[in-house]
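> Dropping the structure in here first, questions after.
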Amino acid sequence: MIALFIFLAEDFDMLPWTGLITVLTLLLYLFITINVGRARAKYKVLPPQMTGNPDFERVVRVQQNTLEQMVFFLPALWLFCYIKPRQN
Numbered sequence: 010m011i012a013l014f015i016f017l018a019e020d021f022d023m024l025p026w027t028g029l030i031t032v033l034t035l036l037l038y039l040f041i042t043i044n045v046g047r048a049r050a051k052y053k054v055l056p057p058q059m060t061g062n063p064d065f066e067r068v069v070r071v072q073q074n075t076l077e078q079m080v081f082f083l084p085a086l087w088l089f090c091y092i093k094p095r096q097n
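Next comes the structure, spelled out in structure tokens:
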């Protein structure tokens, strides 16, 4: 399977799309982070505290899970935008 992706793309047609997806991903994360701030105000959880109302904990968990997955998603996205499948 790795043999299908042996050379780098000479024309970087996917770079604008990769940049767009990166920006949209970061905007999504910003929106989710703002939701954590709103949940803190709504459920009256002070900033150092990470536990409290179960609904607040769900909102924080969504933000944490998104951050954890972005660590893998963004580097993989940029890595694979430079690889072009071999034409048989």
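Throughout, this note's numbering is defined as the position within the sequence shown, counted from one, plus 9.
We put the CB at the ideal spot given by N, CA and C, even for glycine.
Values in this document were obtained by computation on a predicted structure and should not be read as measured data.
Alpha carbon to alpha carbon, how far is residue 80 from residue 27? Give it in angstroms, no decimals.
Taking the straight line from one Cα to the other gives about 16 Å.
> I need the straight-line Cα distance from residue 54 to residue 38, nearest angstrom please.
Approximately 21 Å between the Cα atoms of the pair.
> Mind checking whether residue 72 and residue 41 have CB atoms under 9 Å apart?
Cβ distance < 9 Å, so residue 72 and residue 41 count as in contact.
> Quick check: residue 83 and residue 31, are their CB atoms within less than 9 Å of each other?
Yes, the Cβ-Cβ distance between residue 83 and residue 31 is below 9 Å.
> Give every residue of the same chain whose Cβ lies closer than 7 Å to the Cβ of residue 10, excluding the five residues on either side of it in the sequence, and list them in chain order.
For residue 10, the predicted model reports a pLDDT of 47, less than 50, meaning its position is unreliable; a value from the coordinates is still stated below. Same-chain partners within the cutoff: there are none.
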